[in-house]
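Visitor: My questions will all concern the structure given below.
Residue numbers (our numbering), protein chains in the order written: chain A, 1 to 471; chain B, 472 to 942.
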């Protein structure tokens, strides 16, 4: 049985880390990990472990973990499969607190690997050491500048998003993608791999108390120790929103998951209901997960689901309207005064509804027409949240940050998201300007869907909080 | 009643175009349209019409349409609402063949506009002139370098995709987005606006016979003359695949559509069934539509739905597997010889399945391992199509065009698509390289979903063709 809480401080904020398999040969995993830790500025003690070297990258190297006199907080294990067991034994002798196994070839491969995985887990647990992995790509805690990764990263942006994932995709390619294309930062990113010992639960509990975490992302291919996970989620989700992405949904996907991280995928519909009960917000795709994490990191939760939409494109307004009701919102019934003021100021003789389609104002003082439409809509007492859909076209170009800033100031407690589609250069200009002032922005041909879906997730979390606090 | 076919040559390939409301004042709609036609190199005769000018942009201007001695093929009408009726009358007097009305304020606004719309339509039809619009953003036929648009475009890329849309979003912002971010080109893009006279049907029929059109995109907010549209689609879809995006799905979305293009949205489930029967392939989002148009433009149709997947990321493999069965494919049961050869050559001791997860080969000769995995998988007799999911990370960097070229050469009749996620720079490098050799590519965090969905659309069209040809 998993104890209800594990103190993860020595794992997450270690004062010393041993890297077993450390190497001075560029390209080798043991080099990439060690070099990365040093380059990203980790300030604790680092012990490279390699029986063939006395010094690696300028640091004194040790023969093995038990050659280190003091107990090590965290042992990173990056040796070939056959060597892992001995490293665990050495680490137990050192009274090391945590092990992070990046080596693969365990339960994801079949019975042989599964047996070995059980054996090393038992040795560690009996010796008082807890394990993360195996088959983990690494872990990052930017709060203490700790970046342990078998994939090299030149930069890593700190921020309020903490992710625990069952696969390296998050600490690897997805992190790279987020770092390159988003303004938000992943403060923590932990790949728990095959979960031979530590599961998601203690990490969620750690994030709940972490002052730097605004929102938690959870990726799973299969569920292990489901009941305790859901119990923990119920508590954690009252403090921090948790966005979950569970893949391995279909039967074939589940088979693929078994050979990827040794997971049993379980019944997806059951999972869906259980997630909802535990207050988890379920994303369907990786992109949706990033989109939602961003909106939670940036924006307040709306009072309820009455959404206002301002759009320069009637077509995008239709798409957002279509989607709103499927994601827990309804179009706000705006006041006549709101309609009349927008109409009078920017498009006389043109009817104003919600969505407020301001297409006919195109080319005529775009800054003024956007500013008036956004401000009037968000000030309407029946509007809880605002979706703005922009056409990134030359005749609409203006200082969008200024336009949105005025809407934010008019109603700081109401969340706003923006979508933008059109010329790439203008899309990017507005994306940077708006994300720079904390407006979650979605660009490209699916901007309306993504903006609406993100606002829907925020709205769902608001209703979860309300129902939980009442019960 | 709509006649079953209309000869659209004078509309699509006009030898003369009058622009009513033409202006020499930059920024004005009549300037943007005229300047755009000249800049994009239209070679037919252009008649600027403006009672106050004798010359506009170096061209002789006319007082009104009936001052032109020969009948004009196409009259573009860009005057204020109140002036439209007189222009129609003048055009009928000139015996003009087609009118394209960009002016808005008709049936999308309410009863008053709807009455006016009916009236001008009657005048035109009685005078033997057919109308496109009103409330149209324009039309493009790049085969004759004709770009008529109220939104200025610096460039326009020719290509095998022809689009007919009920809203300016396609000829405007979406076209800008496609031009900036995709390698494919929109050869034709027609905004039919409120459809007062000409509907989608004759345009579909024109595209069916057009040698430059490989695939047709159809956007609708509402359906008009549904029966004849579906009958036409049934015939056209045997010649060219038709991807349809119908928005205005929900009740609220339908309301928004009514005020956008004056459409009645109709029952969405009925529409869905009717589309399927007519051989239309229905996309759910704008992005999906672009993704699918691209795959049809580039790739052959697979024999059946047995898909092979090669991935450097187990997680992306799981996502693609999950999705495959929902979009009409099944994972191919690959031969033992395929498995053994991939295993032997690139990852000894690691089991190979479909999806073939080649993660453990990361960093070890990426070009070689990708090349062998792709080639062996696509050569397998049980594989009809191939999805490749790449991790855009430094250790995997290699000449991807070369890798894919070899797979294409090994089985030219089997379609391939690629997804790529990771560092932005490498994503873009591979995207450009692969699209350059005709491999539809999808980059970013939803690459696995998008690649799988595109291959699903291609597979669906294959099965439509088979069942139709049998019946």
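Think of the CB as a built atom: it goes at the ideal place given N, C-alpha and C, for glycine as much as any other residue.
All figures in this text were calculated on a predicted structure; none of them were measured in a lab.
(1) Express the C-alpha separation of residue 650 of chain B and residue 422 of chain A in angstroms, rounding to a whole number.
(2) Residue 782 of chain B by DSSP, collapsed to three states: which one?
(3) Whose C-alpha, out of B:587, B:788 and B:850, is nearest the C-alpha of residue 810 of chain B?
(4) The beta strand (DSSP E) with residue 545 of chain B in it runs from where to where?
(5) In terms of residue numbering, what span does the alpha helix (DSSP H) encompassing residue 503 of chain B cover?
(6) Is residue 600 of chain B helix, strand or coil when you go by DSSP?
(7) Count the other C-beta atoms from every protein chain shown that fall within 10 angstroms of the C-beta of residue 582 of chain B, then say buried if there are 16 or more, exposed otherwise.
(8) Please determine if the segment 175-193 of chain A and the segment 145-165 of chain A are in contact, where contact requires at least 3 C-beta pairs separated by less than 8 angstroms.
(9) Look up residue 644 of chain B in the DSSP assignment and say whether it is helix, strand or coil.
(10) Closest Cβ-Cβ distance between residue 575 of chain B and chain A: below 8 angstroms?
(11) Given 8 angstroms as the limit, is there contact between the segment 403-423 of chain A and the segment 381-389 of chain A, that is, 3 or more CB pairs closer than that?
(12) Spatial neighbours of residue 716 of chain B within its chain, please: C-beta separation below 6 angstroms, excluding the five flanking residues on both sides.
(13) Might you give, ordered along the chain, the residues of its own chain that have their beta carbon closer than 7 angstroms to the beta carbon of residue 117 of chain A, omitting 5 neighbours on each side?
(14) Can a CB atom of chain A be found closer than 8 angstroms to the CB of residue 644 of chain B?
(15) Roughly how many whole angstroms lie between the Cα atoms of residue 235 of chain A and residue 298 of chain A?
(16) Which chain B residues sit within Cβ distance under 8 angstroms of residue 287 of chain A?
(17) Starting from residue 289 of chain A and walking both ways along the alpha helix (DSSP H), at which residues does that stretch end?
(18) Given 8 angstroms as the limit, is there contact between the segment 859-875 of chain B and the segment 897-911 of chain B, that is, 3 or more CB pairs closer than that?
(19) What separation, rounded to the nearest whole angstrom, lies between the Cα atoms of residue 782 of chain B and residue 799 of chain B?
(20) In whole angstroms, give me the CA-to-CA distance for residue 465 of chain A and residue 325 of chain A.
(21) Could you confirm whether any beta carbon from chain B is found closer than 8 angstroms to the beta carbon of residue 332 of chain A?
(22) Consult DSSP for residue 426 of chain A and reduce its assignment to one of helix, strand or coil.
(23) Under 8 angstroms, Cβ to Cβ, is there at least one residue of chain A near residue 923 of chain B?
(24) Using a Cβ-Cβ cutoff of 8 angstroms, what residues of the segment 860-875 of chain B are near chain A? List them in chain order.
(25) Measuring only between beta-carbons, confirm whether residue 480 of chain B sits less than 8 angstroms from chain A.
(26) Assign residue 531 of chain B to one of three DSSP states: helix, strand, or coil.
(27) For chain A, is any of its Cβ atoms less than 8 angstroms away from the one on residue 947 of chain B?
(28) Which residue or residues does DSSP assign as beta-bridge partners of residue 357 of chain A?
(29) From residue 500 of chain B to residue 839 of chain B, what does the alpha carbon distance come to, in whole angstroms?
(30) Could you check whether residue 375 of chain A and residue 406 of chain A sit closer than 8 angstroms to each other, using their CB atoms as the reference points?
(31) Enumerated in chain order, which unbroken segments of the beta strand (DSSP E) with a length of 3 residues or greater are wholly contained in the segment 552-608 of chain B?
(32) Any C-beta of chain A sitting closer than 8 angstroms to the C-beta of residue 894 of chain B?
(33) When the Cα atoms are used, what is the spatial distance from residue 301 of chain A to residue 291 of chain A?
(34) Classify residue 752 of chain B: buried if its beta carbon has 16 or more other beta carbons within 10 angstroms, exposed otherwise.
(35) So, is residue 820 of chain B buried or exposed, given that buried needs 16 or more other C-beta atoms within 10 angstroms?
(36) By Cβ distance, which residues of its chain are closer than 7 angstroms to residue 452 of chain A, with the 5 residues on each side in sequence left out?
Guide: Per the coordinate set shown:
(1) 9 angstroms
(2) strand
(3) B:850
(4) 545-548
(5) 500-510
(6) coil
(7) exposed
(8) yes
(9) helix
(10) yes
(11) yes
(12) 690, 754 and 760
(13) 106, 107, 134, 194 and 196
(14) yes
(15) 22 angstroms
(16) 915, 916, 917 and 920
(17) 286-298
(18) yes
(19) 20 angstroms
(20) 20 angstroms
(21) no
(22) helix
(23) no
(24) 862, 863, 864, 865 and 866
(25) no
(26) strand
(27) The requested residue 947 of chain B does not occur in the structure, where chain B is confined to residues 472 to 942.
(28) A:311
(29) 56 angstroms
(30) yes
(31) 569-572 and 601-603
(32) yes
(33) 15 angstroms
(34) buried
(35) exposed
(36) 320, 323, 324, 327 and 387
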